[in-house]
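The next block holds one structure in the form of structure tokens; read it before the comments.
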Amino acid sequence: MDAVDLIAKRISALELAVFPNGEYVKPNESQPEITDLLLQTHSMTVTALSCREVVTSILKRMETINDYLLPDCCDNQLDIQDKHQYILELYPEMKKTLKLLEEFEQLKAFLDSPPINNIPSLVDQLENLTLDNINTYHECKSLTDKILRALQQYSDITMSIKILFAQLEQSITNIEISLQPKPAIDE
Numbered sequence: 001m002d003a004v005d006l007i008a009k010r011i012s013a014l015e016l017a018v019f020p021n022g023e024y025v026k027p028n029e030s031q032p033e034i035t036d037l038l039l040q041t042h043s044m045t046v047t048a049l050s051c052r053e054v055v056t057s058i059l060k061r062m063e064t065i066n067d068y069l070l071p072d073c074c075d076n077q078l079d080i081q082d083k084h085q086y087i088l089e090l091y092p093e094m095k096k097t098l099k100l101l102e103e104f105e106q107l108k109a110f111l112d113s114p115p116i117n118n119i120p121s122l123v124d125q126l127e128n129l130t131l132d133n134i135n136t137y138h139e140c141k142s143l144t145d146k147i148l149r150a151l152q153q154y155s156d157i158t159m160s161i162k163i164l165f166a167q168l169e170q171s172i173t174n175i176e177i178s179l180q181p182k183p184a185i186d187e
């Protein structure tokens, strides 16, 4: 008996156990077949078993890895010259950080002052002042527009007066010329 025949008989027996009346329901096309699922399970199992050795080796070295991840580890393994060089490289950054901390300490008293602590209660007052400033801005803008229009009208009136005076002067000059006695022509 072949191994394939043996498996076929076992599957037939299993089908009779699951479907005693022979009411075999065909699987949907959208559902994968059992053989595909078994092959997928087998490949997943093989993959998991192949990675097991890597995982166990990592677990064996976990203590060493944790030691490397501790910040004290670097201090123990560096020699004095390397530590000195490391500190010299960090010095400018540490100096900036210290300066920022000193500035923060100076500003901390200001931050803890009552006016700063009262900011939430002053929000309404700030909103009212902001609205007042906006209203004042709009009033100033409309007043500025009115003043500009008035200045433009003043400029127009001044220009028309200048034109009228120029015309008046021209007319007076023409009248004076016409009123002057005409010289007699000697023949």
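Under the UniProt record's numbering, the first residue of the sequence shown is numbered 1, with each subsequent residue one higher. Each residue gets a CB set at the ideal place from its N, CA and C atoms; glycine is no exception. All of these numbers come straight from a predicted model, not from anything done at the bench.
For ARG149, the enclosing alpha helix (DSSP H) starts and ends at 119-179. In the DSSP assignment, PHE19 falls outside any alpha helix (DSSP H), carrying neither H nor E. The Cβ-Cβ distance between PHE110 and ILE116 falls below 9 Å. Collapsing the DSSP output to three states places ILE185 in coil. In this structure, DSSP gives GLU33 a state outside helix and strand, which the three-state scheme calls coil.
DSSP places ASP2 in no alpha helix (DSSP H); its state is neither H nor E. Collapsing the DSSP output to three states places SER113 in coil.
The beta carbon of GLU93 sits closer than 6 Å to no other beta carbon from its chain once the five residues preceding and following it are set aside. When DSSP states are grouped into helix, strand and coil, ARG52 belongs to the helix group.
No beta strand (DSSP E) of 3 residues or more sits fully in the region 76-100. DSSP, read as helix, strand or coil, puts ARG61 in coil. Rounded to the nearest whole angstrom, the CA to CA distance from THR130 to LYS141 is 16 Å.
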